[in-house]
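Heads up: the sequence lines are chains A and B, in that order. For the first sequence, full-length UniProt numbering gives the first residue as 1, with consecutive numbering after it. For the second sequence, full-length UniProt numbering gives the first residue as 1, with consecutive numbering after it. Cβ atoms here follow ideal geometry from the backbone N, Cα and C, with glycine treated the same way. Quick caveat: nothing in here was measured; it's all calculated off a predicted structure. Taking it in order: structure first as structure tokens, then the write-up.
Number of protein chains: 2
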Amino acid sequence: MAICPVCNLKFGNNDFLALSEHFIGKAKDSDPLHVMWLNRNLTKTKADKKGLEPLFRNLYDLNGGGIKSWIINRFVSEYRGNNPHPFIIKMQDYNKYILQGYAVEHYFFLKQWVRSCSAIISKTDYNDVQTYEMENMVTEYFGNGKKPHIELLLDMAEGFGISRKKIMETKPLKNTENAINRWREIAQNNGWIEIMAAMHSLELIANSALRPYGARYDYFNLGAFDNNNVPETVKAFLMEGYHSDNAHSIEALNIIEKYSRDYNIENIQDAYLASTYVFYNYLEARIERGEMIENKQY
Amino acid sequence: MAICPVCNLKFGNNDFLALSEHFIGKAKDSDPLHVMWLNRNLTKTKADKKGLEPLFRNLYDLNGGGIKSWIINRFVSEYRGNNPHPFIIKMQDYNKYILQGYAVEHYFFLKQWVRSCSAIISKTDYNDVQTYEMENMVTEYFGNGKKPHIELLLDMAEGFGISRKKIMETKPLKNTENAINRWREIAQNNGWIEIMAAMHSLELIANSALRPYGARYDYFNLGAFDNNNVPETVKAFLMEGYHSDNAHSIEALNIIEKYSRDYNIENIQDAYLASTYVFYNYLEARIERGEMIENKQY
Numbered sequence: 001m002a003i004c005p006v007c008n009l010k011f012g013n014n015d016f017l018a019l020s021e022h023f024i025g026k027a028k029d030s031d032p033l034h035v036m037w038l039n040r041n042l043t044k045t046k047a048d049k050k051g052l053e054p055l056f057r058n059l060y061d062l063n064g065g066g067i068k069s070w071i072i073n074r075f076v077s078e079y080r081g082n083n084p085h086p087f088i089i090k091m092q093d094y095n096k097y098i099l100q101g102y103a104v105e106h107y108f109f110l111k112q113w114v115r116s117c118s119a120i121i122s123k124t125d126y127n128d129v130q131t132y133e134m135e136n137m138v139t140e141y142f143g144n145g146k147k148p149h150i151e152l153l154l155d156m157a158e159g160f161g162i163s164r165k166k167i168m169e170t171k172p173l174k175n176t177e178n179a180i181n182r183w184r185e186i187a188q189n190n191g192w193i194e195i196m197a198a199m200h201s202l203e204l205i206a207n208s209a210l211r212p213y214g215a216r217y218d219y220f221n222l223g224a225f226d227n228n229n230v231p232e233t234v235k236a237f238l239m240e241g242y243h244s245d246n247a248h249s250i251e252a253l254n255i256i257e258k259y260s261r262d263y264n265i266e267n268i269q270d271a272y273l274a275s276t277y278v279f280y281n282y283l284e285a286r287i288e289r290g291e292m293i294e295n296k297q298y
Numbered sequence: 001m002a003i004c005p006v007c008n009l010k011f012g013n014n015d016f017l018a019l020s021e022h023f024i025g026k027a028k029d030s031d032p033l034h035v036m037w038l039n040r041n042l043t044k045t046k047a048d049k050k051g052l053e054p055l056f057r058n059l060y061d062l063n064g065g066g067i068k069s070w071i072i073n074r075f076v077s078e079y080r081g082n083n084p085h086p087f088i089i090k091m092q093d094y095n096k097y098i099l100q101g102y103a104v105e106h107y108f109f110l111k112q113w114v115r116s117c118s119a120i121i122s123k124t125d126y127n128d129v130q131t132y133e134m135e136n137m138v139t140e141y142f143g144n145g146k147k148p149h150i151e152l153l154l155d156m157a158e159g160f161g162i163s164r165k166k167i168m169e170t171k172p173l174k175n176t177e178n179a180i181n182r183w184r185e186i187a188q189n190n191g192w193i194e195i196m197a198a199m200h201s202l203e204l205i206a207n208s209a210l211r212p213y214g215a216r217y218d219y220f221n222l223g224a225f226d227n228n229n230v231p232e233t234v235k236a237f238l239m240e241g242y243h244s245d246n247a248h249s250i251e252a253l254n255i256i257e258k259y260s261r262d263y264n265i266e267n268i269q270d271a272y273l274a275s276t277y278v279f280y281n282y283l284e285a286r287i288e289r290g291e292m293i294e295n296k297q298y
């Protein structure tokens, strides 16, 4: 299949012409979401369907490499390259409101995270896949002697004076809710390798070894956090994620690459594109929540 | 919904007349599976649809109790009451072939088990449900310092001279395969509380505290295993399951009971009936495999 990541609409295998027509139609109606996606991912120049089709073909082209390097290259280019995600920019300095926004919205992300990881286990017999997901769920959600990521997140929020109870009673922002709905749909309807590509690619956001792929920004400025104004709870949360996401994201991509020859690569790419589209918006929700907190609207 | 556990065919809510018609039709065609189910669960006397309908209504009746006691009463009556499952009878003495058959077929059961437990996690936000399933998966499948149930099973098989490799390369018997297919379908399509009822009710097979519900047989004769002919690997496997299934089954039923008021009870009952139907046949596959081994056909 080919996919429109904005609408989550699916087209025939390799049917990049129909996909281009869809985008041109949306652009004609001045739909800002489709235009923004085109600008960010394909071209900033106005194109007709004949001009767009080779760009989509090129987007899906593995360029002789595997799915692993395709995903890393795509992710770096959209999130951490010359035109990084605004959240990455914000994280280059210490801003307590951004971190508070992060804490609130990310709680809902992690509640969905465990549901996606367990869906993967439920859909495969491969022991290495199951064990990988099990360990990921333990680190992120359940804990095992050590505090899981979700507890460190709630500790960070509490350090800022936002109680666990308050977060749990919060309705996530629209972008977060939309993202969760799409991830839930992927977990329910897609195959294990597609869910894996959709979800674990997102852990590349914090991977610190992506310079060779063109990353120009770290997830956060390690230096900026080396000061006494930053609460210990913040450091504990960020450092833990920083270390575990390095291993998590690459190990998952290695597993996907290993099994990918037995699966439809285009469907794996679709799942990646569908997921990173809502992830982009979800990261904006972290900023939006931070601004609400700064303006005393939360 | 009402369900035919044999065909997994669904009828309208409370439509026990249509369900009765279905069974009468099958009985007229002398379908042995439907007749056997009727004999085991409703009546040994030939009945018309008018006679059968109140029996089905009665089967689904909670009798003023909750879903927990309904499940326990049903399970005990079908598996461990006056007319127990043949596998229970076999297990009252030590029979090494039966245990070898158990080891071979149960490997495939446990491979599906972890898929069902993780499907439950993937479909709920309730933390107590997720934690329960996580701990169950660790005990049964992944291990955590201690050997998981599946490793103890493979140890038992090895003790009998059946290698892990051989088991993993075995095609499960038809009854086992059919059961796994149905459990997989339930894990994919049903809600979390229905999957929970479908799967964890099965752990009642080894629960040692069911005398008050009318259980007349233990899962296995503890006394028979108190002898030197029984390999240590067999004792380790049986005793571990014996202890963990006690806690597992009742804790799961308590969780189901706690949340059941927010869900359609009849759908939970359907899931239970659909699952125990294939479980009955699956336990027969353990005997069948044991006989194959005894006759050197495996």
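Beta bridge pairing from DSSP links A:I3 with A:K10. When rounded, the separation of the alpha-carbon atoms in B:S20 and B:R211 is 32 angstroms. When the beta-carbon positions are compared, A:L42 and A:L59 come within less than 8 angstroms of each other. Boundaries of the alpha helix (DSSP H) around B:H149: H149 to G159. B:V35: member of the alpha helix (DSSP H) spanning P32 to N41, first to last residue. According to DSSP, A:N144 shares a beta bridge with A:K146.
Listed along chain B, no residue sits closer than 8 angstroms to A:K171 by beta-carbon distance, the nearest being about 14 angstroms off.
Take the alpha-carbon of B:M1 and the one of B:H22: they are about 14 angstroms apart. B:Q100 is the residue among B:Q100, B:Q130 and B:H85 whose C-alpha sits nearest the C-alpha of B:D155. Beyond the five residues adjoining it in sequence on each side, B:R216 comes within less than 8 angstroms, by CB distance, of R80, G81, N82 and P84 in the same chain, given in chain order. Taking 8 angstroms as the cut-off, the beta carbon of B:I88 is found no closer than this to the beta carbon of B:S201. At a Cβ-Cβ threshold of 8 angstroms, A:I186 and A:A285 do not count as neighbours.
In this structure, B:I265 is the residue among B:I265, B:M239 and B:I287 with its C-alpha nearest to the C-alpha of B:N13. For A:I287, not one C-beta of chain B is nearer than 8 angstroms to its own C-beta. For A:K111, the chain B residues whose C-beta falls within less than 8 angstroms of its own C-beta are D125, listed in chain order. Per DSSP, reduced to three states, the secondary structure at B:H85 is coil, with no helix or strand assignment. B:M199 has a beta carbon lying at 8 angstroms or more from every beta carbon in chain A. Interface criterion met: the Cβ of A:V114 is under 8 angstroms from a Cβ in chain B. Residue contact with chain A for B:Q269: absent (no Cβ-Cβ distance below 8 angstroms to any residue of chain A). One finds nothing in chain B with a Cβ atom closer than 9 angstroms to the Cβ of A:I3; even the nearest lies about 22 angstroms away. A contact between stretches requires three or more CB pairs, one per stretch, nearer than 8 angstroms, and the stretch 116-129 of chain A meets this requirement with the stretch 188-208 of chain A.
Residues are counted here when their Cβ sits less than 7 angstroms from a Cβ of chain A; for the stretch 174-199 of chain B these are A187, given in chain order.
In the DSSP assignment, A:I162 falls outside any alpha helix (DSSP H) and carries neither an H nor an E.
By the neighbour-count criterion, in which 16 or more other beta carbons inside 10 Å mark a residue as buried, A:L33 falls on the exposed side.
Residue state for B:G64 is assigned as coil, using DSSP reduced to three classes.
Between B:T139 and chain A, the shortest Cβ-Cβ separation is not below 8 angstroms. In this structure the stretch 277-284 of chain B touches the stretch 169-189 of chain B; the number of beta carbon pairs closer than 8 angstroms is three or more. If you compare the alpha carbons of B:E151, B:N181 and B:R115 with that of B:M134, the shortest gap goes to B:R115. Between B:M168 and chain A, the shortest Cβ-Cβ separation is not below 8 angstroms.
Sorting A:M36, A:D15 and A:A103 by C-alpha distance to the C-alpha of A:F160 places A:A103 at the top. Around the Cβ of A:R289, a 10 Å sphere holds 16 or more other Cβ atoms; the residue is buried. Look at A:S208 here: in three-state DSSP terms it is coil, with no helix or strand label. A straight line joining the alpha-carbon of B:N207 with that of B:L253 spans about 12 angstroms. Pairing B:R164 with B:A274 gives a Cβ-Cβ distance that is not under 8 angstroms.
Here the alpha carbon of B:E53 sits roughly 45 angstroms from the alpha carbon of B:Y298.
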